[in-house]
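Working notes, beginning with the structure itself.
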Amino acid sequence: QQPVQSPQAVILREGEDAVINCSSSKALYSVHWYRQKHGEAPVFLMILLKGGEQKGHDKISASFNEKKQQSSLYLTASQLSYSGTYFCGTEIVNNNDMRFGAGTRLTVKP
Amino acid sequence: DVKVTQSSRYLVKRTGEKVFLECVQDMDHENMFWYRQDPGLGLRLIYFSYDVKMKEKGDIPEGYSVSREKKERFSLILESASTNQTSMYLCASSFERVINNEQFFGPGTRLTVL
Chain A
1 QQPVQSPQAV
11 ILREGEDAVI
21 NCSSSKALYS
31 VHWYRQKHGE
41 APVFLMILLK
51 GGEQKGHDKI
61 SASFNEKKQQ
71 SSLYLTASQL
81 SYSGTYFCGT
91 EIVNNNDMRF
101 GAGTRLTVKP
Chain B
111 DVKVTQSSRY
121 LVKRTGEKVF
131 LECVQDMDHE
141 NMFWYRQDPG
151 LGLRLIYFSY
161 DVKMKEKGDI
171 PEGYSVSREK
181 KERFSLILES
191 ASTNQTSMYL
201 CASSFERVIN
211 NEQFFGPGTR
221 LTVL
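Quick note, the sequences are listed as chains A and B, same order. Note that our numbering has the first sequence beginning at 1, numbered continuously upward. Note that our numbering has the second sequence beginning at 111, numbered continuously upward.
Quick look at the structure:
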C-alpha cells in the first residue's frame, strides 16, 4: 500500500530544477508532500486533493494526476536550503490513514 | 507554536526488555500515529489512534502495542525488544477529518536494541 517514489536520490547544483514523482497502485483521495532535513522531523509542504488544482508556494509546486494515480513535486531554481529527504504520503479515502513512500534524498550543492 | 514531543531522543535497551516510547501533543489533535523510519524504507506506519482508547493497526504492528489513555498522549510499547526493532521511531498527530489534515511530527527517538 506504500506509494512508490522516484528517483531515490538526486544531486543538483544551486539554480537547477528537479522533479520527484510519487505513484500509487490504488485510486487516491489525497497526496501530501513532506520534507525532512537531516536530524530533524518531517515538515509538511502541501496537500493535493482529488479534483483539486496544482499547488505551490515559492519555487516548490506539485501536481496530482488522478487518472494515473500519480503526483509530482517540482523544485525550480533550487537553493541550498532545499536539501533533505522528500516524502509523499497518500490517502485512499479521507480517513487520515496515510502511507508514505520511501523518500527521495535531494542534495543541492553550491 | 504547535508541538509534538517524544520522551527520549536516544535510547539503548537490551534484547527482551520491555520498552515504552512516549509521545505528547499540545494541539488537541484527535489523531496520533507511530511510524518507524529505516534507510531505504521510508516511514512505515505501526499503529494509529483516532480517539482515546481507540487504535488501528498499520502495516507493521507485529511486536508492538500502543496505549492511548488521554487525548494528548500516545505510547508505543515494545513488549520484548529485539535487535530488528533498532530504528528511528517518529510520532505524529493531526486533526480528524479536516480537508487539510497535515501531520505534525515529533523529533523522533532513535532506539538501539543490543
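Backbone N, C-alpha and C fix where the C-beta goes; we use that ideal spot for every residue, glycine too.
With a cut-off of 8 Å, does the C-beta of A/Pro7 fall near any C-beta of chain B?
-> Sequence index remark: in the first sequence, residue 7 of chain A carries index 7 (1-based). By this cut-off, A/Pro7 is not an interface position.
Quick one: grab the DSSP three-state call for A/Val5.
-> As a position in the first sequence, residue 5 of chain A is number 5, starting the count at 1. Inspection of the sequence shows that residue 5 of chain A is occupied by Gln rather than by Val. A/Gln5 falls in the strand class under three-state DSSP.
Leaving aside the five residues before and after B/Phe158 along the sequence, list all residues of the same chain whose C-beta is less than 8 Å from its C-beta, in chain order.
-> Counting from 1 along the second sequence, the entry for residue 158 of chain B is found at position 48. Cβ within range, chain order: Asn141, Met142, Phe143, Trp144, Lys165, Glu166 and Gly168.
Count the other C-beta atoms from every protein chain shown that fall within 10 angstroms of the C-beta of A/Pro42, then say buried if there are 16 or more, exposed otherwise.
-> If you number the first sequence from 1, residue 42 of chain A lands on position 42. Burial call: buried.
Mind pulling the chain A residues with CB within less than 8 Å of B/Leu151?
-> To locate residue 151 of chain B, count along the second sequence from 1; it is residue 41. Within chain A, the residues near B/Leu151 are Ala102.
Anything in chain B within Cβ reach of A/Arg99, meaning under 8 Å, just list it in chain order.
-> By one-based count along the first sequence, residue 99 of chain A stands at place 99. Residues of chain B passing the Cβ test: Leu155 and Asp169.
Which residues in chain B sit within 9 Å of A/Ile47, going by Cβ to Cβ distance?
-> By one-based count along the first sequence, residue 47 of chain A stands at place 47. Within chain B, the residues near A/Ile47 are Ile209, Asn210, Asn211 and Glu212.
Starting from A/Asn21, follow its DSSP beta bridges and name the residues at the other end.
-> Position 21 of the first sequence, counted from the first residue, corresponds to residue 21 of chain A. Per DSSP, A/Ser6 and A/Ser72.
For A/Gln1, which residues in chain B fall below 8 Å Cβ to Cβ?
-> For this step, residue 1 of chain A is matched to residue 1 along the first sequence. Neighbours of A/Gln1 on chain B, chain order: Asp169.
Can you list, in chain order, the residues of its chain whose CB lies under 6 Å from that of B/Lys113, leaving out five sequence neighbours each side?
-> Taking the first residue of the second sequence as 1, we reach residue 113 of chain B at position 3. Counting only Cβ-Cβ distances below 6 Å, and skipping sequence neighbours, we find Asp136.
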